[in-house]
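Peer 1: The sequence shown begins at 2 in the working numbering and counts up one residue at a time.
Take a look at this one; I'll ask things after.
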Amino acid sequence: MPSRPARNPATAPVSAVIGVDSSTQSTKAAVVDTATGRLLAVGRAPHTVTGQGGARESDPEQWWQALRTAVAAALAESGLDPAAVTGIAVAGQQHGLVTLDAEGRPLRPALLWNDTRSAQQAAALTAALGRESWLDRTGSVPVASMTASKWQWLRENEPATAAATAAVRLPHDFLTERLTGAAVTDPGDASGTCWYDPATQSYDPELLALTGIRADMLSTVAATGATRAGHLTADAARALGLPAGIPVAAGTGDNMAAAVGLGLGAEGLLDHPVVSLGTSGTVFAATRNRPHSALLAGFAATDGTRLPLGCTLNCTLAVDKVAELLGLDREDAVPGGEAVLLPFLDGERTPDLPAASGLLHGLRHDTTRQQILGAAYEGAVVAVLRALDELPLDAPDAPLRLIGGGAKGTMWVETVRRLSGRAVILPDSGELVALGAAALAAGAATGRDPVALATEWGTGEGRELPAVPRDTATWDRVTSVLDRAAPALLTTHP
2 MPSRPARNPA TAPVSAVIGV DSSTQSTKAA VVDTATGRLL AVGRAPHTVT GQGGARESDP
62 EQWWQALRTA VAAALAESGL DPAAVTGIAV AGQQHGLVTL DAEGRPLRPA LLWNDTRSAQ
122 QAAALTAALG RESWLDRTGS VPVASMTASK WQWLRENEPA TAAATAAVRL PHDFLTERLT
182 GAAVTDPGDA SGTCWYDPAT QSYDPELLAL TGIRADMLST VAATGATRAG HLTADAARAL
242 GLPAGIPVAA GTGDNMAAAV GLGLGAEGLL DHPVVSLGTS GTVFAATRNR PHSALLAGFA
302 ATDGTRLPLG CTLNCTLAVD KVAELLGLDR EDAVPGGEAV LLPFLDGERT PDLPAASGLL
362 HGLRHDTTRQ QILGAAYEGA VVAVLRALDE LPLDAPDAPL RLIGGGAKGT MWVETVRRLS
422 GRAVILPDSG ELVALGAAAL AAGAATGRDP VALATEWGTG EGRELPAVPR DTATWDRVTS
482 VLDRAAPALL TTHP
C-alpha cells in the first residue's frame with residue numbers, strides 16, 4: 002500500500018475506524034487512520050470449519066469471539082487510545098445461513114457458502130420458476146451456495162430446527178446485530194440470498210412465499226453499507242474495549258467490501274474488473290449495467306450500483322492440493338503442454354457442477370509433474386476467466402485488478418496474464434476487505450461516500466504489469482475438455 006504522510010502527533014491526533022473482515026477461515030480487524038487510510042494495525046483470530054463431503058459449517062459464536070480477539074489484538078498493536086476509534090463496520094463471508102432462536106442464540110452451526118449439500122434444493126427452486134424468471138427477479142439462478150437454497154435444505158432435513166427458527170441472518174448481519182442490537186443488512190449481502198430483488202431494492206414476497214420464510218425473520222436492508230445500522234451498545238463496547246455509542250455501519254459482504262477497498266463504485270471506477278484468487282476464485286466489477294447470465298450472481302454493490310460476480314469453488318486450495326499430491330512446491334510449475342486438469346475437487350459453482358470431481362486429461366509419456374501442476378493452474382484460471390467474459394462491462398479492455406492470496410504467487414499471476422491477454426494491476430494492499438469495511442465505518446462516522454474515501458486513501462493503487470499475447474491454444478484446449486466432460490465425466494454422484 003502506498004506510504005502516507007506521517008502525522009505530527011502534537012498537532013494532529015489520530016481519529017481511527019475499525020474494519021472487520023470475517024471470512025471463512027479467520028477474522029481480521031484493521032485499525033485505519035480515518036484521514037489518510039493508513040493501516041495502523043491488524044489483529045487476527047482463526048475460525049474452525051467442520052464437515053465432511055459437501056458439508057461446511059462453523060459456530061457463529063466463534064465468529065463473535067474471534068471478532069473480540071482480533072479487535073483487542075489490533076488495538077494493542079496500534080497503541081491507540083480506544084477513545085480515538087469513531088466507527089466500526091463488519092464485512093463477512095457471503096450467503097451463510099445463521100438460524101437464531103427468539104433470544105438471538107444460534108440454533109445450530111451456520112451452513113457456509115461452500116456447503117454444497119443444498120444442490121438438490123437449488124435445482125428444485127430453479128425448476129419451480131425457471132432460470133429466466135430467477136434472473137429477472139434477483140439477477141441470479143439458485144445454486145447450492147445461496148442462502149435460500151440452504152434454508153430449503155434445512156427445512157427438508159432438519160424440520161424441527163427450521164420450525165424453531167425465529168430469525169435468519171447472514172454472517173455479517175449476525176455480527177452487526179451483536180454490535181448494535183439491530184437486525185440490519187445491506188443491498189450487497191442481501192442480494193446473495195435469492196430472496197432480494199436489486200431492481201426493487203426489497204425482498205421479493207413471492208420468493209419468500211416459495212421458500213416458506215417471512216420477511217420479519219430477515220434483517221432490514223439499509224440503503225447502503227455505510228448507512229448507520231445503529232451505535233455500539235454498552236455490552237458490545239465492554240466486550241471490545243471500545244467507546245459505547247460510536248456509529249456502526251450496516252456493513253456488507255466480503256466481495257462488496259473488497260470492491261470498496263479498491264475504489265470501485267459510483268464515486269470511483271466503474272466497469273473495471275477484479276479477479277480474486279483465494280479459497281474460491283471470483284471475478285466481479287462495479288457497473289451500472291444489469292447482468293443477465295446464469296454463470297453470474299447478479300449482486301448489488303453496497304453503494305447502489307451493481308456488482309455482478311462469478312465464483313468458482315476451486316482455486317488456490319485445489320491447486321495446492323495438486324502440488325501436495327505431486328510432491329512439488331506451488332511455484333514449481335510450467336505450462337501444462339497437452340495435459341488438461343480440471344481441479345474441481347470440492348464440486349463446482351461456476352460452472353454449476355456441485356457433484357463434480359477433478360479430471361486429468363491428455364497425459365503422455367513425456368508429461369512432467371511440473372506440467373500437471375501447471376495444468377491445474379490453467380484449469381482454475383480458465384474457469385474464473387470464463388465468468389469474466391460474462392460481465393456486462395463498457396470497458397472490455399480495462400486491466401484486471403488481481404487480489405487475494407494467489408496474487409502473491411508468480412505462477413498465478415503469469416497464468417492469468419497469459420490466459421487473459423490483459424494488463425494486470427497488483428494492488429499494494431493485502432487487506433482490501435478490511436480496508437473496504439473501514440471505509441464503510443468512516444462513511445457512517447462522517448457521512449462521506451466510502452468509495453470516494455477509499456479512492457482518496459489510495460488503497461486500490463498498485464503495480465501494473467503490461468499485457469502479453471493471449472495463449473489461445475491453451476484456452477481452447479482447456480475449454481474443449483471442459484465442455485465435453487461436463488457433466489458426464491465430472492459428476493461422481495447425483
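Ideal Cβ positions, reconstructed from N, Cα and C, are used throughout, including at glycine.
No experiment lies behind these values; they were computed from the predicted model shown.
Just the C-alpha distance for Pro3 and Arg370, rounded to the nearest angstrom, thanks.
Peer 2: Only weak support is given to the placement of Pro3: the predicted model assigns it a pLDDT of 43, under 50, and the question is left unresolved by the model.
Peer 1: Give the list of continuous beta strand (DSSP E) stretches no shorter than 3 residues that lie fully inside the region 90-151.
Peer 2: 99-101
Peer 1: For Thr283, count the other beta carbons within 10 Å of its own beta carbon; 16 or more makes it buried, fewer makes it exposed. Which is it?
Peer 2: buried
Peer 1: Is there contact here, the region 298-318 with the region 160-170, by at least three beta-carbon pairs under 8 Å?
Peer 2: no
Peer 1: Just the Cα atoms here: how many angstroms apart are Ser27 and Glu465?
Peer 2: The alpha-carbon separation between Ser27 and Glu465 amounts to approximately 29 Å.
Peer 1: Starting from the C-beta of Asp102, find all residues in its chain whose C-beta is less than 7 Å away, skip the five residues before and the five after it, and write them out in chain order.
Peer 2: Leu108, Ala165, Ala167
Peer 1: Tell me the start and end of each unbroken beta strand (DSSP E) in the region 172-240 that is at least 3 residues and wholly inside, in chain order.
Peer 2: 229-232
Peer 1: Give the list of continuous beta strand (DSSP E) stretches no shorter than 3 residues that lie fully inside the region 428-466.
Peer 2: For the region 428-466, the continuous beta strand (DSSP E) assignments of 3+ residues that do not extend past its boundaries occur at 463-466, in sequence order.
Peer 1: Which complete beta strand (DSSP E) runs does the region 42-72 hold, if anything under 3 residues is left out?
Peer 2: none
Peer 1: Identify whether Arg485 lies in helix, strand or coil by the three-state DSSP scheme.
Peer 2: helix
Peer 1: Looking at Val261 and Pro397, is the spacing between their C-beta atoms short of 9 Å?
Peer 2: no
Peer 1: I'd like the list of long-range same chain contacts for Gly105, defined as Cβ closer than 8 Å, with 5 residues on each side in sequence excluded.
Peer 2: Ala168, Glu178
Peer 1: Rounded to the nearest angstrom, how far is the Cβ of Ala324 from that of Leu374, given a contact under 8 Å?
Peer 2: Yes, they are in contact, since the Cβ atoms of Ala324 and Leu374 sit about 6 Å apart, within 8 Å.
Peer 1: Can the beta-carbon of Ala230 be found closer than 9 Å to that of Ala237?
Peer 2: no
Peer 1: Looking only at its own chain, which residues have a Cβ that is under 6 Å from the Cβ of Ser119, when we skip the five neighbours before and after it?
Peer 2: So the list reads Ala145, Ser150, Lys151, Trp154, once near-sequence residues are dropped.
Peer 1: Per DSSP, what are the beta-bridge partners of Ser27 in this structure?
Peer 2: Answer is Pro47.
Peer 1: Have a look at Ala200 and Ser481 and give me their C-alpha separation to the nearest angstrom.
Peer 2: 36 Å
Peer 1: Whole angstroms are fine: how far does the CA of Glu332 sit from the CA of Gly410?
Peer 2: 7 Å
Peer 1: Can we say the region 19-33 touches the region 54-70, given the rule of at least three CB pairs closer than 8 Å?
Peer 2: yes
Peer 1: Between which two residues does the beta strand (DSSP E) containing Ala250 stretch?
Peer 2: Counting along the chain, Ala250 sits inside the beta strand (DSSP E) bounded by residues 248-250.
Peer 1: Express the C-alpha separation of Ala223 and Ser277 in angstroms, rounding to a whole number.
Peer 2: So the two alpha carbons sit approximately 27 Å from each other.
Peer 1: Considering Cα atoms alone, identify which of Thr194, Leu361, Leu436 is closest to Ala340.
Peer 2: Leu361
Peer 1: Give the straight-line distance between the Cα atoms of Arg485 and Tyr378, rounded to the nearest whole angstrom.
Peer 2: 20 Å
Peer 1: Which same chain residues, not among the five before or five after Ala258, have their C-beta less than 6 Å away from its C-beta?
Peer 2: Listed in chain order, the non-local C-beta contacts of Ala258 below 6 Å within the same chain comprise Ala92, Val434, Gly437, Ala438, local neighbours out to five positions each way being set aside.
Peer 1: Nearest-angstrom Cα distance between Leu219 and Leu271?
Peer 2: 30 Å
Peer 1: Considering Cα atoms alone, identify which of Leu314, Ser430, Pro188, Pro344 is closest to Ala301.
Peer 2: Of Leu314, Ser430, Pro188, Pro344, the smallest CA-CA separation from Ala301 is found for Pro188.
Peer 1: Just verifying my parser: in three-state terms, what is the DSSP assignment at Gly279?
Peer 2: The answer is coil: DSSP assigns Gly279 none of H, G, I, E or B.
Peer 1: Look up Thr37 in the DSSP assignment and say whether it is helix, strand or coil.
Peer 2: Thr37 falls in the coil class under three-state DSSP.
Peer 1: Between the Cα of Gln94 and the Cα atoms of Ala84, Glu78, Thr117, Asp22, which residue gives the shortest distance?
Peer 2: Asp22
Peer 1: If I follow the unbroken alpha helix (DSSP H) through Val261, where does it start and stop?
Peer 2: Boundaries of the alpha helix (DSSP H) harbouring Val261: 255-262, taken from the DSSP string.
Peer 1: Work out the CA separation of His366 and Leu98 for me, nearest whole Å.
Peer 2: 48 Å
Peer 1: Helix, strand or coil for Thr306? Go by DSSP, reduced to three states.
Peer 2: coil
Peer 1: Consult DSSP for Arg402 and reduce its assignment to one of helix, strand or coil.
Peer 2: strand
Peer 1: When you compare each of Arg239, Gly242, Ser281, Asp137 to Val382 by their alpha carbons, which one comes out closest?
Peer 2: Ser281
Peer 1: Give a yes or no on whether the C-beta atoms belonging to Ile499 and Val86 are separated by under 9 Å.
Peer 2: The structure shown does not extend to residue 499, since the chain spans only 2 to 495, so no value can be given for it.
Peer 1: Is the Cβ-Cβ distance between Ala191 and Leu441 less than 9 Å?
Peer 2: The criterion of a C-beta distance shorter than 9 Å is not satisfied by Ala191 and Leu441.
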